[in-house]
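Asks: Residue numbers (our numbering): 952 to 1433.
The structure under discussion is supplied below as structure tokens; questions concerning it will follow.
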Ligand code: NAD
């Protein structure tokens, strides 16, 4: 028997589940197929982000930050605490509760919106058919749809030279589950995941956290000034960041891991108790479509799509981590909404020039738009304005004064081209810049806007004023009056 839907979505992560909800809101008969089985052996919606990614990592980042504050920062506020102890089991249980609540929340949203949740592994067949193999069952179920949205997500890249091994050599999922704090932690890859998870275990008491990064440049995707400030801050926190280092081999002997790597100085050996492999993610497209479906992939295995997420097949769209662009949950969700609108016959598009990126370390790092080095390289004339948090009253009250905000504006039109931040609550502050970019705003627009005092949001205001050489709470370099 074939079930007939207006839309079938493959994948229930932030891209797929949001697409499903929006399709249902638009009156389309919608099914979302997902194969995720959680640690408790139950099917769960939410994909990597909710189950083993953004949400559990942010939970541990928050908890570990509280642990550091209680030990080292409360006293400065005149709050005396003694005997601060880590209850790792409670911390992990809290994280699991948050994941359970949120994934259950999506199930409820599906029910409330009338989305059919189909559990199992889906494969795209020819002729807008989807075959579902329910987990643990031999029978299959065929779904037929007027429109199909592929949102299969991504999985951690594995290194041939460093195979995963039990709870010793793990990927980002395993790194959220250590039942004890490793003494010596190695991390391969100083990207977003390496920095976030390396920070968690350093804060929780790891004596040594070494990040081995293949590139010679730290955080090459970020603005250079921000990357320099971040490297300084992380090194001060005790993260040992080794750039230009390529791992060549790994041996696990009981509880010890011997790692061989090369850098400009030659061959090295290092010993760790645990090792996290965080060298990027790849699209989950293997086996996603039967050969006869004729789905076009690019040379890296991403699904080939146009600006509006159309694949080469009529009425088949693809969104999220499995298509070009940054692997970010919010980018996938917005693509899901756009595609739902297109299917419903509405006009829709995404402004890919204003996608916020955030690294949830301490200090937080966030950016959107062009970096200063990219503007320089492309010969665009620009002006920049920088405001350091040390001059913010609110940052002082928080006791969190490291970092700055930098805005980059077109020298002719003053249009906001880029925003780069490192410091307190930058994951929230970046939204101010993204809204300005989305509205085609200028730094003068931000300068003419009123912000609450005292708040961190004023620092964005000050950076905008600094673009025009007239910040109020730092001494501006002398310039002609404007
Ligand atoms: P990443 O691309 O951010 O970082 C991987 C790093 O590993 C890179 O710096 C790369 O140069 C390095 N690398 C690659 N091969 C290596 C090797 N053999 N030896 C040493 N270093 C090597 O990838 P990630 O940290 O694994 O994250 C995966 C994806 O998930 C990213 O696209 C990221 O944006 C996303 N993510 C986002 C967030 C967030 O938004 N805060 C959090 C986690 C993950």
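In this text, a Cβ means the ideal position worked out from N, Cα and C, and glycines have one as well.
Taking 6 Å as the limit between beta carbons, can you name the residues of its chain near residue 1039, skipping five residues before and five after?
Replies: none
Asks: For residue 1155 and residue 1238, what's the separation of their Cα atoms in angstroms?
Replies: 40 Å
Asks: Assign residue 972 to one of three DSSP states: helix, strand, or coil.
Replies: helix
Asks: If we ignore side chains and look at the alpha-carbon of each, how far apart do residue 1522 and residue 1396 end up?
Replies: No answer is possible for residue 1522: the residues shown for the chain start at 952 and end at 1433.
Asks: How many angstroms separate the CA atom of residue 1295 from the CA atom of residue 1078?
Replies: 20 Å
Asks: Could you give the distance in angstroms between the alpha-carbon of residue 1055 and the alpha-carbon of residue 1199?
Replies: 42 Å
Asks: Can the beta-carbon of residue 1143 be found less than 8 Å from the beta-carbon of residue 1153?
Replies: no
Asks: In the structure shown, what three-state DSSP assignment does residue 1241 receive?
Replies: Residue state, collapsed to three classes: coil.
Asks: Under the criterion of a Cβ to heavy atom distance below 7 Å, does residue 1372 qualify as lining the ligand NAD?
Replies: no
Asks: Rounded to whole angstroms, how far is the Cβ of residue 976 from the Cβ of residue 1064, which I believe are closer than 8 Å?
Replies: 6 Å
Asks: Considering only residues of the same chain and omitting the five flanking positions on each side of residue 1309, which have a CB-CB separation below 6 Å?
Replies: 1317, 1378
Asks: Could you check whether residue 1229 and residue 1148 sit closer than 8 Å to each other, using their CB atoms as the reference points?
Replies: yes
Asks: Return helix, strand or coil for residue 1412, following the three-state DSSP convention.
Replies: helix
Asks: On the three-state DSSP scale, how would you describe residue 1003?
Replies: Residue 1003 sits in a helix when the DSSP states are folded into three classes.
Asks: Output yes or no for whether 8 Å exceeds the beta carbon distance between residue 1320 and residue 1332.
Replies: No. Outside cutoff.
Asks: Name the one or two DSSP bridge partners that residue 1212 has.
Replies: In the DSSP output, where bridge partners are listed per residue, residue 1212 has 1198, 1219.
Asks: Using the DSSP secondary-structure output, state which residues sit across from residue 1358 in a beta bridge.
Replies: 1336, 1370
Asks: Give the straight-line distance between the Cα atoms of residue 1174 and residue 1084, rounded to the nearest whole angstrom.
Replies: 45 Å
Asks: Between which two residues does the alpha helix (DSSP H) holding residue 1105 run?
Replies: That residue, residue 1105, is in no alpha helix (DSSP H); its beta strand (DSSP E) goes 1105-1107.
Asks: Name, in chain order, the residues that DSSP records as bridge partners for residue 1227.
Replies: 1121, 1138
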